[in-house]
Amino acid sequence: TEPSMIGYVTLGTNDLERAAAFYDDLLAIVGAGRFMETDTFIAWAVAPDKPALSVTTPYDGNAATVGNGVMIALAVESPDQVGALHAKALELGGADEGAPGPRGDSGFYAAYFRDLDGHKLNAFCMTGN
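This is the structure in structure tokens:
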């Protein structure tokens, strides 16, 4: 496979079980499932050789906090998947940070939301416009 600049991203959580349920349901929309798991860490990907998203309780034992200015972008195949991920995140208790729609005139189509721990994510695709 082609190398990818991003191997995985990790988000901290203070409630692994709650975060796991959120991401199990959310990432199922794009065909991602758990592929690595310990008692403090879970990672999801569409395939083991593709970039992954993981959640963990902080190794140092301190509380997980949200990084201001940090955002994880989930690449999807279509505007419909952008909308589906955004809607599912809100259904699961996430917060709206920007409804699905085009951003600028470059063909970038995205929606923004926060997970249950307050981490900012987006789902996006390029529409070719």
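Here the sequence shown is numbered in our numbering, starting from 11 and rising by one per residue. For each residue, glycine too, the CB sits at the ideal point set by N, CA and C. Computed from a predicted structure; not experimentally measured.
Rounded separation between residue i and residue j - CA only
{"i": "asparagine 78", "j": "glycine 138", "result": "31 Å"}
{"i": "tyrosine 119", "j": "histidine 96", "result": "12 Å"}
{"i": "glycine 71", "j": "threonine 50", "result": "11 Å"}
{"i": "cysteine 135", "j": "valine 86", "result": "5 Å"}
{"i": "leucine 37", "j": "alanine 94", "result": "10 Å"}
{"i": "valine 80", "j": "valine 19", "result": "11 Å"}
{"i": "serine 116", "j": "proline 89", "result": "14 Å"}
{"i": "leucine 131", "j": "isoleucine 82", "result": "5 Å"}
{"i": "leucine 102", "j": "phenylalanine 32", "result": "6 Å"}
{"i": "isoleucine 52", "j": "asparagine 24", "result": "13 Å"}
{"i": "tryptophan 54", "j": "glycine 114", "result": "30 Å"}
{"i": "arginine 44", "j": "glycine 17", "result": "15 Å"}
{"i": "tyrosine 69", "j": "alanine 42", "result": "25 Å"}
{"i": "glutamate 47", "j": "serine 14", "result": "22 Å"}
Residue span of the beta strand (DSSP E) that contains residue i, given as start and end
{"i": "valine 19", "result": "18-22"}
{"i": "aspartate 106", "result": "105-113"}
{"i": "leucine 84", "result": "81-85"}
Where the alpha helix (DSSP H) containing residue i begins and where it ends
{"i": "leucine 26", "result": "26-38"}
{"i": "proline 89", "result": "89-101"}
Whether residue i touches residue j by CB criterion (8 Å)
{"i": "alanine 29", "j": "aspartate 106", "result": "no"}
{"i": "leucine 26", "j": "valine 65", "result": "yes"}
{"i": "glycine 22", "j": "alanine 62", "result": "no"}
{"i": "valine 40", "j": "leucine 84", "result": "yes"}
{"i": "proline 110", "j": "alanine 121", "result": "yes"}
{"i": "lysine 98", "j": "aspartate 35", "result": "yes"}
{"i": "glycine 104", "j": "arginine 124", "result": "yes"}
{"i": "valine 76", "j": "alanine 133", "result": "no"}
Residues sharing a beta bridge with residue i, DSSP
{"i": "alanine 57", "result": "Looking at the DSSP assignment, alanine 57 forms no beta bridge with any residue, so it has no partner."}
{"i": "threonine 66", "result": "Gly22 and Phe51"}
{"i": "leucine 131", "result": "Ile82 and Phe123"}
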